[in-house]
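Going by full-length UniProt numbering, 824 is the number at position 824 of the sequence shown; the sequence numbering is gapless. We put the CB at the ideal spot given by N, CA and C, even for glycine.
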Amino acid sequence: MRTEQAKTIYLKDYQAPDYLIDETTLTFELHEDHTLVHAQLVMRRNPEKGAGLPPLVLDGQELELLAVSLDDRELAPGDYQLDDSHLTLQPTAARFTVDSTVRIHPESNTALEGLYKSGSMFCTQCEAEGFRKITYYLDRPDVMSKFTTTVSAEQHHYPVLLSNGNPVASGSEEGGRHWATWEDPFKKPAYLFALVAGDLWCVEDSFTTMSGRNVALRIYVEPENIDKCQHAMDSLKKSMRWDEEAYGREYDLDIFMIVAVNDFNMGAMENKGLNIFNSSAVLARAETATDAAHQRVEAIVAHEYFHNWSGNRVTCRDWFQLSLKEGFTVFRDAGFSSDMNSATVKRIEDVAFLRTHQFAEDSGPMAHSVRPDSFIEISNFYTLTVYEKGSEVVGMIRTLLGAEGFRKGSDLYFERHDGQAVTCDDFVKAMEDANGVDLTQFKRWYSQSGTPRLEVSEAYDAAAQRYTLTFRQSCPPTPGQPTKEPFVIPVALGLLDAQGNDLPLRLDGEAAAGASSRVLSVTEAEQSFSFVGVAAKPLPSLLRGFSAPVKLSFPYDRDQLMFLMQHDSDGFNRWEAGQQLSVQVLQELIGQHQRGEALVLDPRLLHALRSLIEDESLDQAMVAEMLSLPGAAYLSELSEVADIDAIHAAREFARAQIGEALFAPLWRRYQANREVSRHSPYVAEESHFARRALQNIALSYLMLGNKPEVLAACVDQFDNSDNMTERLTALAVLVNSPFEAERGRALQLFAEHFKDNPLVMDQWFSVQAASYLPGGLERVKELMKHPAFTLKNPNKVRALIGAFAGQNLINFHAVDGSGYRFLADQIVTLNALNPQIAARQLSPLTRWRKYDAARQALMKAELERILASGELSSDVYEVVSKSLA
Ligand code: TRP
Ligand code: ZN
Numbered sequence: 001m002r003t004e005q006a007k008t009i010y011l012k013d014y015q016a017p018d019y020l021i022d023e024t025t026l027t028f029e030l031h032e033d034h035t036l037v038h039a040q041l042v043m044r045r046n047p048e049k050g051a052g053l054p055p056l057v058l059d060g061q062e063l064e065l066l067a068v069s070l071d072d073r074e075l076a077p078g079d080y081q082l083d084d085s086h087l088t089l090q091p092t093a094a095r096f097t098v099d100s101t102v103r104i105h106p107e108s109n110t111a112l113e114g115l116y117k118s119g120s121m122f123c124t125q126c127e128a129e130g131f132r133k134i135t136y137y138l139d140r141p142d143v144m145s146k147f148t149t150t151v152s153a154e155q156h157h158y159p160v161l162l163s164n165g166n167p168v169a170s171g172s173e174e175g176g177r178h179w180a181t182w183e184d185p186f187k188k189p190a191y192l193f194a195l196v197a198g199d200l201w202c203v204e205d206s207f208t209t210m211s212g213r214n215v216a217l218r219i220y221v222e223p224e225n226i227d228k229c230q231h232a233m234d235s236l237k238k239s240m241r242w243d244e245e246a247y248g249r250e251y252d253l254d255i256f257m258i259v260a261v262n263d264f265n266m267g268a269m270e271n272k273g274l275n276i277f278n279s280s281a282v283l284a285r286a287e288t289a290t291d292a293a294h295q296r297v298e299a300i301v302a303h304e305y306f307h308n309w310s311g312n313r314v315t316c317r318d319w320f321q322l323s324l325k326e327g328f329t330v331f332r333d334a335g336f337s338s339d340m341n342s343a344t345v346k347r348i349e350d351v352a353f354l355r356t357h358q359f360a361e362d363s364g365p366m367a368h369s370v371r372p373d374s375f376i377e378i379s380n381f382y383t384l385t386v387y388e389k390g391s392e393v394v395g396m397i398r399t400l401l402g403a404e405g406f407r408k409g410s411d412l413y414f415e416r417h418d419g420q421a422v423t424c425d426d427f428v429k430a431m432e433d434a435n436g437v438d439l440t441q442f443k444r445w446y447s448q449s450g451t452p453r454l455e456v457s458e459a460y461d462a463a464a465q466r467y468t469l470t471f472r473q474s475c476p477p478t479p480g481q482p483t484k485e486p487f488v489i490p491v492a493l494g495l496l497d498a499q500g501n502d503l504p505l506r507l508d509g510e511a512a513a514g515a516s517s518r519v520l521s522v523t524e525a526e527q528s529f530s531f532v533g534v535a536a537k538p539l540p541s542l543l544r545g546f547s548a549p550v551k552l553s554f555p556y557d558r559d560q561l562m563f564l565m566q567h568d569s570d571g572f573n574r575w576e577a578g579q580q581l582s583v584q585v586l587q588e589l590i591g592q593h594q595r596g597e598a599l600v601l602d603p604r605l606l607h608a609l610r611s612l613i614e615d616e617s618l619d620q621a622m623v624a625e626m627l628s629l630p631g632a633a634y635l636s637e638l639s640e641v642a643d644i645d646a647i648h649a650a651r652e653f654a655r656a657q658i659g660e661a662l663f664a665p666l667w668r669r670y671q672a673n674r675e676v677s678r679h680s681p682y683v684a685e686e687s688h689f690a691r692r693a694l695q696n697i698a699l700s701y702l703m704l705g706n707k708p709e710v711l712a713a714c715v716d717q718f719d720n721s722d723n724m725t726e727r728l729t730a731l732a733v734l735v736n737s738p739f740e741a742e743r744g745r746a747l748q749l750f751a752e753h754f755k756d757n758p759l760v761m762d763q764w765f766s767v768q769a770a771s772y773l774p775g776g777l778e779r780v781k782e783l784m785k786h787p788a789f790t791l792k793n794p795n796k797v798r799a800l801i802g803a804f805a806g807q808n809l810i811n812f813h814a815v816d817g818s819g820y821r822f823l824a825d826q827i828v829t830l831n832a833l834n835p836q837i838a839a840r841q842l843s844p845l846t847r848w849r850k851y852d853a854a855r856q857a858l859m860k861a862e863l864e865r866i867l868a869s870g871e872l873s874s875d876v877y878e879v880v881s882k883s884l885a
């Protein structure tokens, strides 16, 4: 934790390891005030590295070394070197065994990395470099070893003892203790190691794989949560089947376990055979979890399960290759979610998220490529770029190769590299080899950061019946990358005739017209494509399904956007046309607000939304998506200088106008859907999600009119719902309303009812932290004193501080700088408790260049204050120093 130690690691410096570890035998003796770890490492010289026996440098941090021996010879302090992150020994033969015993302190580990306690249970988080806080080791993903683990603990408090692989032996010891030994037959890097000890209950099920093997499935939770596991179990079984069908991947051990813990830095972790999850990513039942939470559980269970192949069986050579497993696995879980629910809605949600958050990252001071070139702290690179943009990159490969070609490529990748630690180049090579294509230029997506812009213009030659689209691509400079080479940009498109039908497409030079939607590959800085046999000027539908993560612009007018909203055969682009229309209308309002003019909403937006609401034949989830205006964060992203006040005023004005002008149809659809909800039990399925989504967005518009009948309906929905989706929306709407009595009552009832459920209390904190009403900071400060709040629990930090700084833009960006000062104070405290969480909470401050001069100065001053606050973790140091650079 010393700032001056911060050292940059470069991809170009990668060296294969000098030594390998064939077998790792671990023994953990867990106690309340310390833990003893004994490690036996059966090692050998890496044959790739030639003869010679260089010193063996083992990683280790915060370990108290009690004993170390080399081939059974105990070493004296003079026989080795120890510093605060390494133990260095001198081997004397090509094969040898290292034994070490260390003492560690999980009971006081607040960083939640390595071995730590969450409540009364012991658990681990080793990715990326946490194993070195457990024992001295070669803690790098290209060192893969067979692990055997024995855990011993007091039996009464820790009846369940788990590790990776299969249970092979267990027994009891004197003094009320017991032990269990687990053996993982698959070689793995240390980051996939896991251990759990606690008083846990489990739900059990089984799965028969495609080759007929039986796999025991267990989800372990604290006893009070045993009634909230069924949805995760169902999701797991669906994931296992889907991976067999979509990718031909079968599970490999006889047992698959998930453990839910309350204190966890991220969503979940794919440890071999023993996934450890944030309880928020496992527990779900109607009364306590929203539809969104149910879908998140399904997606994360799938994500971690899919890592068994994309991550575990085939792992990363080094951490620069992180997207090899994360981008690919996000792509795989997105495919799964699309198949389980509405594919179009899933795509809309993912793209909205990417454009709001990843695009902001890509234009900020922490911008990096999908495969970064350097880092100070790898934990800071579990980013939207590595995950979401990485998934888009895999998706573009699939778009270019087609579904069948892509599957051939993934089959070859898994077959060729099973049991290996490989690179993004190996992944692309498998795709190339399986399809006989050259993806050299495409690979710039891995090495160049920044979001490409793609400007499109059209020309129509009526006499020649020729329609030409010209694409100009460019990419802004990003840190360390002043200039960029052209990308390969797959542009899926169609051309609509005056009736809104897709035209058959024939490019100049082609013999005949073919499909009506096709993919053009834009590879040059400027490139034109001409379609022939086009009888009248068409309207282009561009980048269908968001076929590339770029900022596309085409000079559509509002009438054309309304036409696309109605007629585009691509569902995603119908939504996209609506978003572009809303953005144009909102930007006009923002301008009016900035010039001090009266706000006037373009009635065409109301007209377009009215036809959506009134058309009962449309998918209700799509209508709900199309009714949601672009968020303040997205509008900020689109602005040169984000004027938070104008954006907020414009959005709220538009929302109020929509609520008023469309009151009647919204009220009708709200009441109809609420009536169905009232009489049907909760089901976590697509059509039910859709009904509740429309019902809830309708309620949020209706409540803006302050009508007593709507207030009554909202209170009724709060009081008389059997599920959290309806109840939480009613609460959120009340919290943002002027009805003080109803708001206070609902908040109080909710807290009383759910005080013993931490995940529900997180929701309670979040809706208040995100409330646009004035006085946001005071509310948040008050809530930090609530008995259910603690800075030691990452979910609480995210629910209150994260929601305030990330979602409550109008309050966070208060002109007096109070929001910034508050966040900086929290980060200084968190830096000492949990560096990973501290660094993540910093991201709103890193965007300081987006705001006006006064706010820029205030935000910068807070970053400087953090930098000067004392000893910084490498996590916080990296983000702050790069933001100020
Ligand atoms: N590999 C995990 C995933 O599935 C990410 C993860 C979980 C992680 N816990 C972490 C990364 C802690 C860094 C630190 O995406
Ligand atoms: Zn992952």
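_Extract the residue ranges of the alpha helix (DSSP H) inside the region 365-409, only unbroken runs of 4 or more that lie entirely within it._
none
_Contact defined as beta carbons within less than 8 Å: I believe residue 130 pairs with residue 113. What is the distance between those atoms, to the nearest angstrom?_
4 Å
*Under 7 Å Cβ to Cβ from residue 326, same chain only, skipping five residues before and after it: list those, please.*
386, 387, 390
*Segment limits, alpha helix (DSSP H) that includes residue 795*: 794-797
_Cβ neighbours of residue 96 in the same chain (closer than 7 Å, five flanking residues each side left out)_ = 43, 70, 71
*Locate the alpha helix (DSSP H) running through residue 724, then write down its first and last residues.*
724-735
*asked:* Quick check: what's the CA-CA separation for residue 142 versus residue 678?
replied: 55 Å
*asked:* Quick check on the DSSP output: what are the complete alpha helix (DSSP H) runs of length 4 or more inside the region 218-290, in order along the chain?
replied: 230-247
_So, does the region 797-808 touch the region 771-782, judging by three or more C-beta pairs under 8 Å?_
Contact between the region 797-808 and the region 771-782 is present: 3 or more CB-CB pairs across the two stretches fall below 8 Å.
*Thinking C-alpha only, which one of 417, 468, 370, 466 is nearest residue 442?*
370
*Report the option in 328, 200, 273 whose CA atom is closest to the CA atom of residue 223.*
200
_Short Cβ contact (8 Å threshold) for residue 571 with residue 622_ = yes
*Can you list, in chain order, the stretches of the alpha helix (DSSP H) that have 4 or more residues and sit fully within the region 838-883?*
Look at the region 838-883 and you find these whole runs of alpha helix (DSSP H), each 4 residues long or longer: 843-846, 853-867.
*Among all the DSSP beta bridges, which residues are the ones paired with residue 101?*
38, 67
*For residue 44, which three-state DSSP category applies?*
strand
*Just checking, does the region 327-343 make contact with the region 823-838 on the three C-beta pairs under 8 Å criterion?*
no
*Regarding residue 385 and ligand 2, is the C-beta to nearest heavy atom distance less than 7 Å?*
no
*Relative to the alpha-carbon of residue 229, which residue among 22, 845, 205, 189 has its alpha-carbon at the smallest distance?*
Per the Cα distances, 205.
*Apart from the five residues on each side of it in sequence, which residues of its chain come closer than 7 Å, Cβ to Cβ, to residue 886?*
An answer regarding residue 886 cannot be provided, because it is not within the stretch 1 to 885 covered by the chain.
*Taking residue 819 as part of the alpha helix (DSSP H), name the residues at either end of that continuous run.*
Element bounds for residue 819: 818-833.
*Given residue 248, which residues of its chain have a CB within under 7 Å of its CB, disregarding the five upstream and five downstream residues?*
Excluding sequence positions up to five before and after residue 248, its CB lies within less than 7 Å of the CB of 411, all in the same chain and listed in chain order.
_Distance check for residue 860 and residue 870, CA to CA, integer angstroms please._
17 Å
_residue 398 to residue 534 span [Cα, whole Å]_ = 29 Å
*Would residue 19 be called buried (16 or more neighbouring beta carbons within 10 Å of its own) or exposed?*
Taking all protein chains in view, the Cβ of residue 19 is crowded by 16 or more other Cβ atoms within 10 Å, so the residue is classified as buried.
*Nearest to residue 673 (by Cα), restricted to the options 681, 686, 660, 692*: 692
*asked:* If contacts are defined as beta-carbon pairs under 8 Å, then residue 317 and residue 383 qualify, I think. What distance do you get, rounded to the angstrom?
replied: Going by Cβ atoms, the distance from residue 317 to residue 383 rounds to 19 Å, so no, they are not a contact pair.
_Which same chain residues end up closer than 7 Å to residue 250 when comparing Cβ atoms and leaving out the 5 residues on each side of it in sequence?_
209, 210, 211, 244
_residue 873 and residue 831 closer than 8 Å at C-beta_ = yes
*asked:* For a test of the three-state rule: what should DSSP assign to residue 14, helix, strand or coil?
replied: coil
*What first and last residue would you give for the beta strand (DSSP E) that runs through residue 59?*
56-59
_Three-state secondary structure (DSSP) of residue 202_ = DSSP places residue 202 in strand when its eight states are reduced to three.
*Would you mind giving the Cβ-Cβ distance between residue 274 and residue 163, rounded to the nearest angstrom? I have them listed as a contact below 8 Å.*
7 Å
*Verify the contact flag: residue 137, CB atom, against every heavy atom of ligand 1, threshold strictly below 7 Å.*
Proximity of the beta carbon of residue 137 to ligand 1 is not indicated: no heavy atom of the ligand is located closer than 7 Å.
*Does at least one heavy atom of ligand 1 sit under 7 Å from the Cβ of residue 125?*
Because some heavy atom of ligand 1 lies under 7 Å away, the Cβ of residue 125 counts as near it: yes.
*In the DSSP assignment, what residue or residues form a beta bridge with residue 9?*
375
*asked:* Between residue 376 and residue 885, how many whole angstroms is the CB-CB distance? I'm expecting something under 8 Å.
replied: Rounded, the Cβ-Cβ distance is 12 Å, inconsistent with contact.
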